[in-house]
Structure formats: C-alpha cells, structure tokens
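2 protein chains.
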Amino acid sequence: MLTRIMDREWAPGETVPHEEDLARSYGCARATVNRALRELADAGLVERRRKAGTRVVQRETRGATFQIPLVRVEIEKTGRAYGYRLLRRSTVLSDSDLVGRFDTSEGNPILHLQCLHLADGEPYQLENRWIDLKTVPDAADEDFEIIGPNEWLLSAIPFTHAEHVFSAAMPNGDEREHLQLDSTDAVFIIERRTWLSGNPVTYVRLSHIGSSFRLHSQDTDLG
Amino acid sequence: MLTRIMDREWAPGETVPHEEDLARSYGCARATVNRALRELADAGLVERRRKAGTRVVQRETRGATFQIPLVRVEIEKTGRAYGYRLLRRSTVLSDSDLVGRFDTSEGNPILHLQCLHLADGEPYQLENRWIDLKTVPDAADEDFEIIGPNEWLLSAIPFTHAEHVFSAAMPNGDEREHLQLDSTDAVFIIERRTWLSGNPVTYVRLSHIGSSFRLHSQDTDLG
DNA sequence: GAGTGGTCTAGACCACGTT
DNA sequence: ACGTGGTCTAGACCACTCC
C-alpha cells in the first residue's frame, strides 16, 4: 500500500478502498489491513475518518523529530571532558514576566538556577532554569552544586507534556560573558517548558554558541 | 500501564510482567496488551526485546517533533501577503563541495536555485536549493518563476527519508543583502536533505531573520 | 439509518535472541 | 532449546459521522 501511495497509484486526495475490500484483495484478515492503515495514518500518509473512509494526505509539511540530548552525554560522546558550574541559585515569587514565559500562577514560589556546562573547560551551554516549587517541592532541598537540574529533573520527575521553541539571536550580556562570545557570533537558543498532568514543572532557556552548535534530525517514512 | 510507569510503580530499568500475565490480570486478550505495549514502545516509554521481555526506559533525551510548514502557508496564516522572487537559476555539475553537503555523486547535473520569500513585501526567507537532476529530471523543465521549488517538489516528488539540521549563525553576504540585515541580527538556518528510496532528491538551506523567527513544537506522552 | 473505521477476542503459529 | 514478543485470523460488537 505504501508503494501504491509512493507511485501515485493512490494519488493524494483520493480515497482508498475500504478495509474489507482490501482484505479480500490482499487475501488477509481485516485486522491486518486495519493495522497497516493505522500505521500509515500514524506516519501521516493517510487520513482516516469513520464513514468517510481513508484518503491519501496531500502533505504540506514535513515533520522533523529531534532528540535533545543531555548536555553531559552530548559532550562526552565527542570525547571531551564534561564540566559543570552552578552560577546562581535563588528562590523567587513568580512575577508577571515569569507568568508569561512560564505557565505558573503569579505568586508561586519559583527556584531560579543559572548554570554553565563546559566541554574540556570551554563554555558550551548556558542554562537558565526556573522550577515551580509548588509542582516540584523536592527541588528546594537540592543544592544543585554537583548535579545539574536537567539530570536531576529527568531522574526525579516525569512529565506528561513538553513544549520547545528554537530560535537564533545575538548574545545578551549574560551569554556574552559566560559563553565568552564576542559580537561576531550568534547564539542558538532552546526554550523548553514541561508539565506534569497539567501542572507546570519547569521552564528552561539553553543558550549555545552559534558557530559550534548544530541540531540534527533524521526521519523516515515508516521504517 | 501508563499510570504505573508515571507513578514509578514500574520504575525505569525494571522489566514489566509478560504479556500473558498482564492479559490475565487485566482480564483482556493478549492482543490487547500487545497493542497497548506496542504503543508505549512507539512513544519511547518502554523497550521491548524478544525473550528479554519489556522494560521501562530510563529516558535520557526528550524528543521534540517540529512541523516545518510551507513558507507560503506560514506567512498567510499570519494574515500577511505572500511574495516570491526567483533570484538565480543555473545548472551545474556537482563538485566536491556539493558532494559533501549533498549526498549526490560527483559530476551529477544539479539545478541550483536561489529564491526569496516575502511577507507583505518584506524579506522573510532566503532559500538556496540544489536539486539532483538525475533523481528528478522533471525539474529541468520547470522555470520556477512563479511557483517555488518547495511547493513544486512537494506536489511532484514524494520522499522516503529526510534529514534536518538547525543552526544559528551570523548572516553571510547573500543573507545580509537579500534579507536586508545589519550586523546586529543573527540568522536561523534550516538545512534539509531528502532522499527517494536511497537516491538524493534535494538539499536546501533556508535562512530566516533571527529576531523574528521562532520554531515551535508541542509533544505529549501519548495523546 | 447505514456505512465506515475502532476495538476487542481467543486462538494459533512464527521469528528471534537468550541461554 | 525455550521463552518471549510479533503477527495473523475469523469473527464480533461498538462508535462515530455523514447523508
């Protein structure tokens, strides 16, 4: 069926035969056809609606799935020594600015951390993190001097929902200072917000040196 | 089962009961358990291996799935008028430089296009595209004066495999000129390579104005 | 109301990897 | 060799949605 779609025998926009017909023509059970079509639907190649049937999608976008690795793993993978420094740690009450970027309520206690991740002693990533202590009270007892908040959160707190934003910008003062940038380099920024069943967990802004950071993805249509 | 994983009742690294046991304890058929576990495996929450059983994954990375929209759609969605200009069009033979970025063979005929996409008359995206004419001979007959190569390729050529790279950089000469940038702004670069069953189709570099471009993703652990 | 996909069952056999 | 997941079958009922 994938071949038929790729060869345009089943063209975009057209509906394909019913499950029962396909099962008969392929000489298999309807459950098998159902599973195959469900996989095609999961891959975004077809759209299925009850009563309306199954139709081949006219793809307008391409999905790209990125794995955002632990910074420590990422650095060690290239054979360099990982370094970590906690720059700032403070507890604040969320103000309107933080409420905007974060999903927290105003007046919530928030733990703010600023950390620097190094590769062979060179600055690699500047991390600015805010943790909602109402959702994650345990974070207040961690000093984060040795273990970074990213790794701590991953092992301590699951999440149910995540949102990422990628962008490029000129470095701000903090970034220029800690990443040791001059004005001839850009920064690649990853922002991430996560929730645990509707409750805000954390907002983090990860800044990377533009000239030495690239994010890769590989996607296959069914594989 | 998702709840049990989230609540750490089934902790990361542990193996979960066999399908048959689960089917009995949940009072359903093994096929139902199998499908549920397969969905958890697709979502990356568990790992399954024959004979070894099913174990909860210790997640080290978080996946983020981005939909990279058609630039025309993206602009029109914000209520602005889409504009398109073809800047350059030439046919070249692939040299070693192109072979490196692209997956083509040296000496293949390549169509090179440079296009500008505008929003309300303002530069929005600079597109540098190379198309392998051996895989896509039809592209040689298109002038791409009216319709951009992205839309043409989407409707004309399917693909089986894609690779994306995101990065941030300072604008180069072309980008500074065509995107009308001064030296106080960065560019957000999307590079994409696609293949059709092993054959290289296209390599494209999309440059965006850093201060006004953000790429969003939203991911849920099972929806 | 009727037709489509969504889901489940109880059973079977197979493929693969560990032992 | 054996135990696990992978896949399939034939049949059934249900839920949604279009007409």
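These protein sequence lines are chains Z and X, in that order. Letter 142 of the first sequence, counting from 1, is numbered 142 in the numbering used here, and no numbers are missing. For the numbering used here, add 223 to where a residue sits in the second sequence, where the first one is 1. Cβ atoms here follow ideal geometry from the backbone N, Cα and C, with glycine treated the same way.
Does any residue of chain X bring its CB to less than 8 Å from the CB of residue i?
i        : result
Z/Met6   : yes
Z/Leu154 : yes
Z/Pro158 : yes
Z/Val46  : no
Z/Glu127 : no
Z/Leu206 : no
Z/Leu181 : no
Check each candidate in the options and name the one with the smallest Cα separation from residue i.
i        : options                                   : result
Z/Val33  : Z/Asp42, Z/Leu45 and Z/Glu20              : Z/Glu20
Z/Glu60  : Z/Ser25, Z/Phe102, Z/Leu40 and Z/Pro12    : Z/Pro12
X/Arg308 : X/Gln337, X/Val427, X/Phe389 and X/Arg272 : X/Gln337
Z/Asp7   : X/Leu419, X/Leu429, X/Gln441 and X/Leu245 : X/Leu419
Z/Asp185 : X/Ala252, X/Ala392 and X/Ile413           : X/Ala392
Z/His178 : Z/Gly53, Z/Leu118 and Z/Gly148            : Z/Leu118
Z/Glu192 : Z/Ser207, Z/Ser183, Z/Leu40 and Z/Gln180  : According to the sequence as given, residue 192 of chain Z is Arg; it is not Glu. Nearest of Z/Ser207, Z/Ser183, Z/Leu40 and Z/Gln180 to Z/Arg192, Cα basis: Z/Ser207.
Z/Ile190 : Z/Val71, Z/Ala29 and Z/Glu9               : Z/Val71
X/Glu345 : X/Glu270, X/Arg303, X/Gly421 and X/Glu329 : X/Arg303
Z/Asn172 : Z/Thr194, Z/Thr160 and Z/Asn128           : Z/Asn128
Z/Val204 : Z/Gln180, Z/Glu151 and Z/Gly63            : Z/Glu151
Z/Val165 : X/Phe367, X/Gly286, X/Ser406 and X/Gly371 : X/Gly286
X/Glu237 : X/Arg272, X/Ala254 and X/Arg278           : X/Arg278
Z/Ile146 : Z/Asp182, Z/Phe159, Z/Leu87 and Z/Asn108  : Z/Leu87
Z/Thr160 : Z/Leu215, Z/Gly27 and Z/Thr135            : Z/Thr135
X/Pro360 : X/Asn422, X/Asp326, X/Arg271 and X/Leu339 : X/Asn422
X/Thr314 : X/Leu438, X/Glu365, X/Gln348 and X/Lys300 : X/Glu365
X/Gln348 : X/Ser248, X/Gln403, X/Ala266 and X/Ala275 : X/Gln403
X/Gly267 : X/Leu225, X/Ser248 and X/Ile291           : X/Leu225
X/Arg385 : X/Thr417, X/Glu398 and X/Arg399           : Position check: residue 385 of chain X holds Ala in this sequence, whereas Arg was assumed. Closest by alpha carbon: X/Thr417.
X/Lys274 : X/Glu299, X/His241 and X/Thr301           : X/His241
At the 8 Å Cβ level, is residue i part of the contact set with chain Z, yes or no?
i        : result
X/Ala275 : no
X/Gln337 : no
X/Gln441 : yes
X/Phe209 : Beyond the ends of chain X as shown, which are 224 and 446, falls residue 209 of chain X; an answer cannot be given.
Residues in its own chain within less than 8 Å of residue i by CB, not counting five upstream and five downstream?
i        : result
X/Phe436 : Phe411
Z/Thr65  : Ser217 and Asp219
X/Gly183 : This structure does not reach residue 183 of chain X, given that chain X is present from 224 up to 446, and the question cannot be answered.
X/Arg377 : In the sequence on display, residue 377 of chain X carries Leu and not Arg. Here the set comprises Leu293.
Z/Val46  : Ile5, Val16, Leu37, Leu40, Thr54, Arg55, Val56 and Val57
Z/Ala99  : The amino acid at residue 99 of chain Z is misidentified as Ala; the sequence shows Val. The answer, listed in chain order, is Ser105 and Glu106.
Z/Leu133 : Thr91, Asn108, Pro109, Ile110, Leu111, Ala139 and Ala140
Z/Asp95  : Glu106
Z/Ile68  : His164, Ile190, Arg192 and Leu215
Z/Glu175 : Leu126, Leu181, Val187 and Ser207
Starting from residue i, find everything on chain X with Cβ-Cβ shorter than 7 Å and list it in chain order.
i       : result
Z/Gln67 : Thr284 and Gly286
Once you ignore the five residues that flank residue i on each side, which residues in its own chain have a CB closer than 7 Å to its CB?
i        : result
Z/Gln218 : none
Z/Arg4   : Trp10
X/Asp343 : Arg303 and Ala304
X/Leu245 : Val256
X/Leu339 : Arg308, Leu310, Pro346, Leu349 and His401
Z/Cys28  : none
X/Arg271 : Leu260, Ala264 and Thr277
Is residue i near the ligand NAD, with its Cβ less than 7 Å from a heavy atom?
i       : result
Z/Thr15 : The model depicted lacks the ligand NAD and carries no ligand whatsoever.
Who are the neighbours of residue i on chain Z, taking C-beta pairs under 8 Å?
i        : result
X/Gly433 : Ser167, Ala168, Ala169, Met170 and Ala186
X/Leu293 : Glu60 and Thr61
X/Glu386 : His216, Ser217, Gln218 and Asp219
Under 6 Å Cβ to Cβ from residue i, same chain only, skipping five residues before and after it: list those, please.
i        : result
X/Ile354 : Leu334, Ala362 and Thr425
Z/Gly223 : Note that Z/Gly223 scores a pLDDT of 49, beneath 50, so its modelled location is shaky and nothing firm can be said.
X/Val239 : Trp233 and Thr277
Z/Asp103 : Pro200
X/Gly371 : Tyr307 and Cys338
Which chain Z residues sit within Cβ distance under 7 Å of residue i?
i        : result
X/Phe325 : Under the 7 Å cutoff, chain Z gives no residues; its nearest Cβ is about 16 Å from X/Phe325.
Residue i touches chain Z at which residues, Cβ-Cβ below 9 Å?
i        : result
X/Val296 : Glu60 and Thr61
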